[in-house]
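Please read the structure below before turning to the comments.
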Amino acid sequence: MTSYYVVDQIQRDLISANHILHFTSVLDAYGHISARHPLDASTYLMSANMAPALVSNASDLVQYRVNDSMAVDPDAPRGYIERYIHGEMYRRFPDVGCVVHSHSEDVLPYAIAGVPLRAVYHMAGFLGPGPAPLYDVEESYNATEPHDLLIRTPKLGQDLARTFVSATNVSATTPDYNVVLMRRHGFTTAAADIQTAVFQAIFTQSNAKAQTTATLLRGAFAGLPGDEARAWTGGGSGDSHDDDGETSAFEPLTAQQARDCEVSIGATSDRPWGLWLKEVENDSLYANNVVLE
Numbered sequence: 001m002t003s004y005y006v007v008d009q010i011q012r013d014l015i016s017a018n019h020i021l022h023f024t025s026v027l028d029a030y031g032h033i034s035a036r037h038p039l040d041a042s043t044y045l046m047s048a049n050m051a052p053a054l055v056s057n058a059s060d061l062v063q064y065r066v067n068d069s070m071a072v073d074p075d076a077p078r079g080y081i082e083r084y085i086h087g088e089m090y091r092r093f094p095d096v097g098c099v100v101h102s103h104s105e106d107v108l109p110y111a112i113a114g115v116p117l118r119a120v121y122h123m124a125g126f127l128g129p130g131p132a133p134l135y136d137v138e139e140s141y142n143a144t145e146p147h148d149l150l151i152r153t154p155k156l157g158q159d160l161a162r163t164f165v166s167a168t169n170v171s172a173t174t175p176d177y178n179v180v181l182m183r184r185h186g187f188t189t190a191a192a193d194i195q196t197a198v199f200q201a202i203f204t205q206s207n208a209k210a211q212t213t214a215t216l217l218r219g220a221f222a223g224l225p226g227d228e229a230r231a232w233t234g235g236g237s238g239d240s241h242d243d244d245g246e247t248s249a250f251e252p253l254t255a256q257q258a259r260d261c262e263v264s265i266g267a268t269s270d271r272p273w274g275l276w277l278k279e280v281e282n283d284s285l286y287a288n289n290v291v292l293e
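Sequential numbering from 1 applies to the sequence shown in full-length UniProt numbering.
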């Protein structure tokens, strides 16, 4: 396998990932994904400032330096303001190979309402047993900066990256968390490779949908009188109610469940990746003109 092929493969996968994340509504006209350069770990690749669905050529991708998130080519097209999210993740965490930043409307309420986002089903074990951390950029701004909630400087990117490690592990060079919420903004997820990061982004969104729906359902069910609740469920017992018809406590995945689900489900990520590729390849909106030779 030649070095040219390795770079072409990353470029093709990165373009496809943009399309997949748009197809699944993780991204819309906004949001972005990047990948560490496979031959030069001190740089990363990311599309120019354009809608993810429209990224189609190698020329749409810009190579940035990790140490300052400036383009290697001074004549490169204009980049995203928030590329510092990506550059500072790569600078702090050597094993991170892909970063996704999203404003998903399904996840966003958990960055607004003060309700913790938890892993509630087996596909989201990567969220871990505790709530996803919440980063508030307002606490990082100085008086002269625009308070527009954007990560527009290296310092703000560093503060966000710091949220990926626990307070007792501040010097860590490996993230303790795979997903961080950004208050009134969205979320960021990071992984070793494109396929895993895309998986995490999509199933963070799916988990948020499931948690929201379960919370609404439980609230509606809890409002029923005991006799009505028993009649509605047939009087049986289960996770959502006790034998007397009373609702039981909301329970996210345990630490062991989250850990084991992340390993077991993560080992199957080729399956959805292949499906997602086929979906975007068969949709005329998306074009990927990077050819593997």
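Just so it is clear, CB atoms sit at the ideal spot from N, CA and C, and this is done for glycine as well. Owing to the predicted nature of the structure, the values given are computational and were not obtained by experimental measurement.
Where residue i sits in the DSSP three-state scheme
{"i": "VAL62", "result": "strand"}
{"i": "TYR135", "result": "strand"}
{"i": "GLU183", "result": "For the sequence presented, residue 183 should be read as Arg rather than Glu. Reduced to three states, the DSSP call for ARG183 is coil."}
{"i": "SER34", "result": "strand"}
{"i": "ALA191", "result": "strand"}
{"i": "ALA51", "result": "coil"}
Range of the contiguous beta strand (DSSP E) that encloses residue i
{"i": "SER102", "result": "98 to 102"}
Nonlocal neighbours in the same chain, by C-beta distance under 8 angstroms from residue i, ignoring five residues either side
{"i": "GLY186", "result": "GLY31, HIS101, SER102, HIS103, SER104, VAL107, LEU108 and ALA111"}
Close Cβ partners of residue i (< 6 angstroms) along its chain, the five nearest in sequence each way excluded
{"i": "GLN211", "result": "VAL120"}
{"i": "GLY114", "result": "none"}
{"i": "ALA51", "result": "ALA29"}
Residue from the options with nearest C-alpha to residue i
{"i": "PRO175", "options": "SER56, VAL26, ASN288 and MET89", "result": "MET89"}
{"i": "ASP40", "options": "LEU253, LEU61, ARG65 and MET46", "result": "ARG65"}
{"i": "GLU139", "options": "ALA220, GLY130 and LEU160", "result": "LEU160"}
{"i": "ALA255", "options": "LEU21, ALA124 and LEU27", "result": "ALA124"}
{"i": "ARG78", "options": "LEU61, PHE93 and VAL99", "result": "LEU61"}
{"i": "TRP276", "options": "HIS22, TYR4 and VAL263", "result": "HIS22"}
Close Cβ partners of residue i (< 7 angstroms) along its chain, the five nearest in sequence each way excluded
{"i": "LEU134", "result": "ALA111, LEU181 and ARG183"}
{"i": "ARG12", "result": "ASN288, VAL290 and LEU292"}
{"i": "VAL26", "result": "SER102, SER104, ALA201, ILE202 and GLN205"}
Terminal residues of the alpha helix (DSSP H) in which residue i lies
{"i": "ALA197", "result": "194 to 222"}
{"i": "LEU45", "result": "Segment 43 to 47 is the beta strand (DSSP E) holding LEU45; no alpha helix (DSSP H) there."}
{"i": "ARG92", "result": "84 to 92"}
{"i": "LEU21", "result": "3 to 23"}
CA-to-CA distance, residue j to residue i, given in whole angstroms
{"i": "ALA258", "j": "ILE33", "result": "25 angstroms"}
{"i": "SER206", "j": "HIS147", "result": "30 angstroms"}
{"i": "LEU216", "j": "ALA208", "result": "12 angstroms"}
{"i": "GLN158", "j": "PHE221", "result": "44 angstroms"}
{"i": "LYS155", "j": "ALA192", "result": "23 angstroms"}
{"i": "ALA71", "j": "ALA214", "result": "45 angstroms"}
{"i": "THR196", "j": "THR2", "result": "24 angstroms"}
{"i": "PHE203", "j": "ASP68", "result": "31 angstroms"}
{"i": "THR163", "j": "GLN9", "result": "31 angstroms"}
{"i": "LEU45", "j": "PRO129", "result": "32 angstroms"}
Residue i: CB within 7 angstroms of a non-hydrogen atom of the ligand GDP
{"i": "THR189", "result": "In the structure shown, the ligand GDP is absent, as is every other ligand, since no ligand is present at all."}
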